[in-house]
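The next block holds one structure in the form of structure tokens; read it before the comments.
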Amino acid sequence: MPIRQLSDALIDQIAAGEVVERPASVVKELVENALDAGARRIEIATAGGGKNLIRVSDDGCGIPVDELPLAVRRHCTSKLAGGLDAIQTLGFRGEALPAIGSVARLSLKSRAAGAAEAHEIAVDGGCLDGPRPTALSKGTVIEVRDLFHAVPARLKFLKSDRAEGAAITEIVRRIAIAFPEVRFELAGPDRSRTIFEAVSHADRLHRISAVVGAEFGDNAIAIDAVREEVRLEGFAGLPTLNRGNGLAQFFYVNGRPVRDKMLLSALRGAYADVLAKDRHPIAVLFVSLDPALVDVNVHPAKADVRFRDPGLVRGLIVGSIRQAFTEAGLRSSTANAFGLMARFRPDGSVPAAPGSRRFEGFAPGGFAAPRQTAYDVGASPFRPLNGAGDAATLEHGDAEPVFGQDHANAPLQPPGAGTDSGTGERDHPLGAAKAQFHGNFIVAETEDGIVIVDQHAAHERLVYEALKTALHGRPLPAQLLLIPEIVDLPEDDADRLAENAATFAQLGLGIERFGPGAVAVRETPAILGRVDCQRLVRDLADELAEFGNADTVRGRIDHVAATIACHGSVRSGRNLKPDEMNALLRDMETTPGSGQCNHGRPTYIELKLADIEKMFGRR
3 MPIRQLSDAL
13 IDQIAAGEVV
23 ERPASVVKEL
33 VENALDAGAR
43 RIEIATAGGG
53 KNLIRVSDDG
63 CGIPVDELPL
73 AVRRHCTSKL
83 AGGLDAIQTL
93 GFRGEALPAI
103 GSVARLSLKS
113 RAAGAAEAHE
123 IAVDGGCLDG
133 PRPTALSKGT
143 VIEVRDLFHA
153 VPARLKFLKS
163 DRAEGAAITE
173 IVRRIAIAFP
183 EVRFELAGPD
193 RSRTIFEAVS
203 HADRLHRISA
213 VVGAEFGDNA
223 IAIDAVREEV
233 RLEGFAGLPT
243 LNRGNGLAQF
253 FYVNGRPVRD
263 KMLLSALRGA
273 YADVLAKDRH
283 PIAVLFVSLD
293 PALVDVNVHP
303 AKADVRFRDP
313 GLVRGLIVGS
323 IRQAFTEAGL
333 RSSTANAFGL
343 MARFRPDGSV
353 PAAPGSRRFE
363 GFAPGGFAAP
373 RQTAYDVGAS
383 PFRPLNGAGD
393 AATLEHGDAE
403 PVFGQDHANA
413 PLQPPGAGTD
423 SGTGERDHPL
433 GAAKAQFHGN
443 FIVAETEDGI
453 VIVDQHAAHE
463 RLVYEALKTA
473 LHGRPLPAQL
483 LLIPEIVDLP
493 EDDADRLAEN
503 AATFAQLGLG
513 IERFGPGAVA
523 VRETPAILGR
533 VDCQRLVRDL
543 ADELAEFGNA
553 DTVRGRIDHV
563 AATIACHGSV
573 RSGRNLKPDE
583 MNALLRDMET
593 TPGSGQCNHG
603 RPTYIELKLA
613 DIEKMFGRR
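Residue numbers for the sequence shown, in this note's numbering: 3 to 621.
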């Protein structure tokens with residue numbers, strides 16, 4: 003077939019296939035244009051899930067009448083004055099409006115600042131009409147009707163009106179978080195009205211709570227860290243406040259909402275040992291850096307970005323979140339107490355707070371993390387509570403009971419016997435131990451409420467943190483293989499493994515190049531015992547190719563430490579003396595991450611006295 007020049011209409015429709023995936027894509031492009039125009043009020047109206055109508059009105063600077071025809075022409079933009087190395091606007095391609103106009107009926111009304119009147123231009127199937135005078139007091143109004151009427155086949159691949167409308171809502175929610183000073187209103191006959199009132203930048207958490215959920219504001223830890231030329235701000239939810247999916251994870255790079263897999267991986271790494279595998283954290287993170295250090299022009303939808311130094315950004319995210327959890331001290335999600343209070347209701351229902359969503363960290367149906375079996379009493383070879391933070395206490399013995407005495411069959415002593423459980427102990431965050439019930443739960447009294455502690459889960463976390471300190475504080479012992487194992491790999495994978503050999507050596511894994519397309523494994527971490535070297539090395543190669551880091555070995559070592567901690571902790575069914583219960587509470591207060599166990603379950607739940615009084619009708 004001969005080579006021929008495509009028509010402008012067909013070129014625009016091809017471009018529309020990249021830019022306009024669904025109605026939500028149209029809303030995203032139009033709202034971004036409004037924000038780039040300096041708008042402080044943006045109104046979005048839809049009908050039929052955006053298929054029949056999308057209208058975006060703003061109070062921005064407007065478009066001069068002589069520039070209206072250029073606004074709907076491909077590759078015309080006002081946002082690339084600094085070139086591709088200095089992109090500081092949300093939109094910059096100059097393809098959105100002509101692409102939309104090629105597959106829908108588009109009308110654009112605008113009145114530039116200082117102009118005597120407004121003008122309107124229309125595009126239908128790529129055909130231009132106007133400009134002509136119209137009535138408009140300020141800003142710009144863009145209407146998109148009958149989306150994909152010019153390419154009916156695309157309509158068959160759209161979802162229901164309800165699903166498309168939900169996608170539009172999600173797009174607006176994500177953008178609203180990044181611009182708290184802008185008022186957003188989303189309305190239409192196919193939806194209930196949603197309004198995000200403008201707030202100051204200092205009150206950004208208020209806007210975030212309005213989007214993510216009211217409970218997030220009470221269970222979020224502020225993040226503010228800088229490393230070299232990259233700054234990370236935002237809020238990370240407590241591990242015990244989590245969701246069953248990743249929809250409550252919001253990332254922004256220089257104000258641009260993104261769904262980048264490297265950022266998602268970094269967040270997952272930050273919560274690696276404090277969250278159950280099937281649960282997802284809640285976080286809103288803003289990455290700010292020089293535009294020259296990030297490429298936002300790697301995808302037509304601008305959802306992916308590429309960092310010049312992805313390792314730096316990943317390390318900043320993982321390190322700053324973990325440091326924030328450590329500095330925050332002992333905190334438990336209020337969702338846990340909310341779920342516990344629901345248990346006292348005859349029907350187990352949880353009344354939703356006005357303007358908030360149902361808590362998912364500790365749902366009325368029970369916590370979703372995997373359950374742990376109760377082990378035999380007295381089977382622990384560890385005695386860490388006399389100094390849980392000291393690795394020297396983690397020694398093997400002759401199955402000596404925890405605390406040096408066996409109280410498995412001893413009756414519960416009054417808290418006042420042989421210990422100070424009065425006001426002095428109550429001054430501590432976890433209060434004074436008052437009782438133990440069912441051989442597994444400790445009840446403590448604080449100044450303004452009570453705390454219920456799962457003794458096995460809490461002590462498991464203490465032992466695990468002590469083990470991690472001992473393991474990662476120095477190079478891990480390695481076992482030398484009698485015969486090195488050769489693993490054949492693509493040359494690129496072998497190169498990446500060789501470049502990270504020093505990191506692997508710190509973890510006890512000795513790898514070196516063995517020819518152009520293979521590596522030789524000479525040592526493996528002793529703590530892992532017998533290792534399938536072929537599988538381990540291939541997993542490492544895949545992880546390096548996808549994320550640019552090697553967490554597989556460290557993750558496996560941490561898993562071994564977690565298993566040892568689980569088997570070496572205070573067992574369910576073990577009766578404890580008051581001194582021992584208070585010792586456990588004090589160690590929890592000084593151990594990072596003790597608010598949840600290694601499996602992501604909460605280790606304690608706090609009930610405020612005011613909430614208890616409400617349950618009994620005293621308030």
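By construction, the Cβ of each residue, glycine as well, lies at the ideal position given by its N, Cα and C atoms.
Could you name the residues that DSSP lists as bridge partners for residue i?
i, result
"N244", "P283"
"P637", "Residue 637 lies beyond the stretch modelled for the chain, which goes from 3 to 621, so this question has no answer here."
"F181", "Per DSSP, none; premise fails for F181."
"L671", "This structure cannot settle anything about residue 671, because the visible part of the chain is limited to 3 through 621."
"V146", "I56, L108"
"L265", "L265 pairs with nothing; no bridge assigned."
"E608", "V453"
"D544", "Looking at the DSSP assignment, D544 forms no beta bridge with any residue, so it has no partner."
"F237", "A224, V286"
"L482", "E525"
Between residue i and the rest of its own chain, which residues show a CB-CB distance below 6 Å, the 5 nearest in sequence each way excluded?
i, result
"R588", "none"
"G420", "Low confidence applies here, because G420 scores a pLDDT of 40, under 50, leaving its location unreliable; read the following figure in that light. Answer for G420: no residue qualifies."
"R308", "D297, V300"
"G595", "V276"
"R6", "none"
"D60", "A36, A41, I44, G141, T142"
"Y254", "A180, F288"
Does DSSP classify residue i as helix, strand or coil?
i, result
"V214", "helix"
"I452", "strand"
"R175", "helix"
"K436", "strand"
"V58", "strand"
"F186", "strand"
"D490", "strand"
"G512", "strand"
"S27", "helix"
"K158", "coil"
"E447", "strand"
"R316", "helix"
"G128", "coil"
"L92", "coil"
"Q374", "Here Q374 scores only 38 on pLDDT, less than 50, and its place in the model should not be relied on; the value that follows carries that caveat. In this structure, Q374 counts as coil in the three-state DSSP scheme."
"E1", "Given that the chain is displayed from residue 3 to residue 621, the structure contains no residue 1 and the question cannot be resolved."
"T48", "strand"
Kindly give me the distance between the Cβ atoms of residue i and residue j, rounded to whole angstroms, as I take these residues to be in contact under 8 Å.
i, j, result
"G451", "L609", "5 Å"
"L432", "E591", "6 Å"
"E187", "E45", "5 Å"
"L240", "R333", "6 Å"
"S112", "I65", "4 Å"
"A480", "A528", "6 Å"
"I223", "A124", "Not really, about 50 Å apart at Cβ, beyond 8 Å."
"L234", "V289", "6 Å"
"A101", "A120", "About 24 Å; that fails the 8 Å criterion."
"F443", "Q457", "7 Å"
"L291", "V232", "5 Å"
"I284", "R245", "6 Å"
"R524", "P486", "5 Å"
"R193", "D148", "Rounded, the Cβ-Cβ distance is 19 Å, inconsistent with contact."
Excluding the five sequence neighbours on either side, which residues of its own chain have a C-beta within less than 8 Å of the C-beta of residue i, listed in chain order?
i, result
"V521", "I488, V489, L491, A496, L499, A500, I513, E514, R515, V539"
"E615", "R621"
"L546", "D495, R498, L499, N502, A552"
"N247", "H282"
Within the same chain, show all residues whose beta-carbon is closer than 7 Å to that of residue i, passing over the 5 residues directly before and after it, in chain order.
i, result
"R324", "A272"
"A305", "V260, R261"
"A189", "A47, R195"
"I179", "R209, I210, V213, F252, V286"
"G602", "P241, V276, L277, A278, R281, A371"
"D10", "G128"
"R175", "V213"
"K81", "D38, T91, G93, F94"
Do residue i and the ligand FAD come close, with the Cβ less than 7 Å from some heavy atom?
i, result
"N502", "Ligands displayed in this structure: none; no statement on the ligand FAD is therefore possible."
Check whether the Cβ of residue i lies closer than 8 Å to any Cβ atom in chain C.
i, result
"Q90", "Absent from the structure: chain C. Only one protein chain is present."
Assess contact between the segment 196-208 and the segment 261-273, defined as three or more Cβ pairs (one per stretch) separated by less than 8 Å. Is contact present? no
Touch test, the segment 21-40 against the segment 160-178, Cβ-Cβ under 8 Å, three pairs minimum: yes
Any contact between the segment 148-162 and the segment 65-74? By contact I mean 3 or more CB pairs, one from each, below 8 Å. no
If you pair each beta-carbon of the segment 436-451 with each one of the segment 462-472, do three or more pairs fall below 8 Å? Here the segment 436-451 makes no contact with the segment 462-472; the two share fewer than three CB pairs at distances below 8 Å.
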